[in-house]
Amino acid sequence: MEFSQSAARAAGLTPQQHQALLAIKGMPGNTGVTIGDLAGRLLVRHHSAVELVDRLEQKDFLRRDSDGQDGRRALLVLTAKGEAVLLELSASHLEELSRVGPELSEMLSLFVPRGGAEP
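Numbering (our numbering), first residue to last: 986 to 1104.
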């Protein structure tokens, strides 16, 4: 957890902003992501998600596009800068997991019998 938070801060994001970008990128379907969708995914109130999106938009990590089918809705889209920072953070997380993976696996093996879980 600490690694992820530190990596986000080093990339110019708060941990919650990083989580928001990940949620937008990983949202299933091709219908677009609304602020309400993001609030639901992050388990925050709508107005908190609006403030989060405002800050990410100011930093040029995402933009709001008008929904072509419903002009009242704004769809959240990652910018090239947002995509790039997620790629950078994902690479550093994979590197960290590779580094700690063997140690983590060994620690977890203490809790799970070698033959698999008991019935």
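Even for Gly, the Cβ is constructed at its ideal location relative to N, Cα and C.
Worksheet item: Would you call the CB atoms of Leu1023 and Ala1005 closer than 8 Å?
Response: As a first step, residue 1023 must be located in the sequence shown, where it is residue number 38. As a first step, residue 1005 must be located in the sequence shown, where it is residue number 20. A contact, by the Cβ cut-off of 8 Å.
Worksheet item: If we ignore side chains and look at the alpha-carbon of each, how far apart do Leu1047 and Gln1001 end up?
Response: Numbered from its first residue, the sequence shown carries residue 1047 at position 62. Numbered from its first residue, the sequence shown carries residue 1001 at position 16. About 14 Å.
Practice prompt. Determine, using beta-carbon pairs with one atom in the region 1044 to 1061 and one in the region 1014 to 1021, whether at least three such pairs fall under 8 Å.
Written response: yes
Item to complete: Check the DSSP bridge columns for Val1113 and list the partner residues they point to.
Response: In the structure displayed, the chain extends from 986 to 1104; residue 1113 sits before or after that span and is not available.
Fill in: DSSP state of Arg1040 mapped onto helix, strand, coil
The residue given as residue 1040 occupies position 55 in the sequence shown. In the structure shown, Arg1040 sits in a helix (DSSP, three-state: H, G or I).
Worksheet item: If you count every other CB in all the chains shown that lies within 10 Å of the CB of Gly1021, and 16 or more means buried, which is it?
Response: On the sequence shown, position 36 is the one that residue 1021 refers to. Under this definition Gly1021 is an exposed residue.
Fill in: Same chain, Cβ closer than 6 Å to Phe988, five either side skipped, listed in chain order
In the sequence shown, residue 988 corresponds to position 3, counting from 1. Within the same chain, Phe988 has close Cβ partners Glu1081.
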